[in-house]
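Chemist:
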Ligand SMILES: C[S@@+](CC[C@H](N)C(=O)[O-])C[C@H]1O[C@@H](n2cnc3c(N)ncnc32)[C@H](O)[C@@H]1O
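Numbering (the numbering used here), first residue to last: 3 to 248.
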């Protein structure tokens with residue numbers, strides 16, 4: 003039976019291909035051999051990060067840096083070409099292998115699991131950048147993560163949080179192909195990249211307040227506290243919130 007789908011044959015082909023890609027990307031993080039490999043590769047990452055925190059590695063690095071102003075860029079990944087103190091999880095097994103082979107280098111300063119309090123670096127930071135990290139943290143740990151950030155800040159220190167925002171996808175042009183593509187993009191943001199939770203400004207403000215932050219504000223790209231740290235590639239899909247420890 004012939005069905006009128008409002009798509010051209012070409013659009014229909016492209017959408018089906020994109021759907022397959024989405025399914026493939028979801029499976030990388032969820033099941034199958036790829037999911038298993040991702041899981042095994044990362045299985046020591048958190049324990050080793052926690053271990054480095056416990057033995058005081060981060061404090062030693064901070065002492066060596068002797069920076070007047072400490073801005074922690076937590077969950078920095080490749081965003082290391084800057085003057086911040088960049089923090090990440092301990093490398094996965096795959097990354098360690100590439101490091102040992104000389105194909106990769108550790109470019110960040112601290113090993114920091116945001117969900118595990120590092121008692122050695124309390125009240126060290128003037129500012130904290132959390133760009134596209136919180137959505138990777140399970141909801142039951144999100145508040146703990148923000149409370150840890152609060153503890154790492156000095157008095158009057160500030161935090162800038164940037165997260166993906168589904169509202170940015172809410173008004174696609176009224177064209178069937180664009181609307182279908184948009185729904186695939188929404189599914190990608192929710193189910194891929196290891197994302198655990200989606201936020202809007204209201205939900206994030208609630209958590210930030212609960213963690214102890216004051217003067218919480220939703221701000222635009224590059225505006226407000228630590229606005230200079232915003233990554234242009236994140237602008238179109240993100241919301242930005244700032245808060246202060248008073
Ligand atoms: C999407 S990347 C963001 C990279 C960069 N900040 C940016 O905006 O492009 C998310 C990063 O958060 C890190 N991450 C995930 N869970 C974390 C945790 N519990 N503690 C610290 N970092 C974490 C991941 O290792 C990953 O590099």
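We put the beta carbon where it would ideally sit given N, CA and C, even for glycine.
Report buried or exposed for residue 69, applying the criterion of at least 16 other Cβ atoms within 10 angstroms of its Cβ.
Modeler: Position 67 of the chain shown, counted from the first residue, corresponds to residue 69. Exposed.
Chemist: Buried or exposed for residue 139, please, with buried defined as at least 16 other CB atoms from any protein chain shown within 10 angstroms of its CB.
Modeler: Position 137 of the chain shown, counted from the start, is the residue given in the question as residue 139. So residue 139 ends up on the buried side.
Chemist: May I ask which residues mark the beginning and end of the alpha helix (DSSP H) holding residue 55?
Modeler: Numbered from its first residue, the chain shown carries residue 55 at position 53. For residue 55, the enclosing alpha helix (DSSP H) covers residues 47-56.
Chemist: Report the start-end ranges of each beta strand (DSSP E) in the stretch 96-169 that is 3 residues or longer and not cut off at the edges.
Modeler: 127-133, 155-166
Chemist: With a threshold of 8 Å on Cβ separation, who are the neighbours of residue 51 within its own chain once the five nearest residues in sequence on each side are excluded?
Modeler: Here residue 51 refers to the residue found at position 49 of the chain shown. Counting only Cβ-Cβ distances below 8 Å, and skipping sequence neighbours, we find 91, 92, 113, 114, 115, 118.
Chemist: Please classify residue 209 as buried or exposed, where buried requires at least 16 neighbouring CB atoms within 10 angstroms.
Modeler: Numbered from 1 along the chain shown, position 207 holds the residue referred to as residue 209. It is buried - the Cβ of residue 209 has at least 16 other Cβ atoms within 10 Å.
Chemist: How about the stretch 83-103 and the stretch 144-157: do they share at least three Cβ pairs that are nearer than 8 Å?
Modeler: They do not touch, by the three-pair rule.
Chemist: Which residue or residues does DSSP assign as beta-bridge partners of residue 74?
Modeler: Reading the chain shown from its first residue, position 72 is the one you call residue 74. Paired residues: 87, 130.
Chemist: In chain order, what residues of the same chain lie with their CB nearer than 8 Å to the CB of residue 174, ignoring the 5 residues before and after it?
Modeler: Along the chain shown, one-based indexing puts residue 174 at 172. So the qualifying residues of the chain are 180, 181, 183, 184.
Chemist: Could you tell me the boundaries of the beta strand (DSSP E) in which residue 244 lies?
Modeler: Residue mapping note: residue 244 aligns to position 242 of the chain shown, counting from 1. That run of the beta strand (DSSP E) goes 240-246.
Chemist: DSSP three-state label for residue 218, please.
Modeler: Position 216 of the chain shown, counted from the start, is the residue given in the question as residue 218. It is a strand residue.
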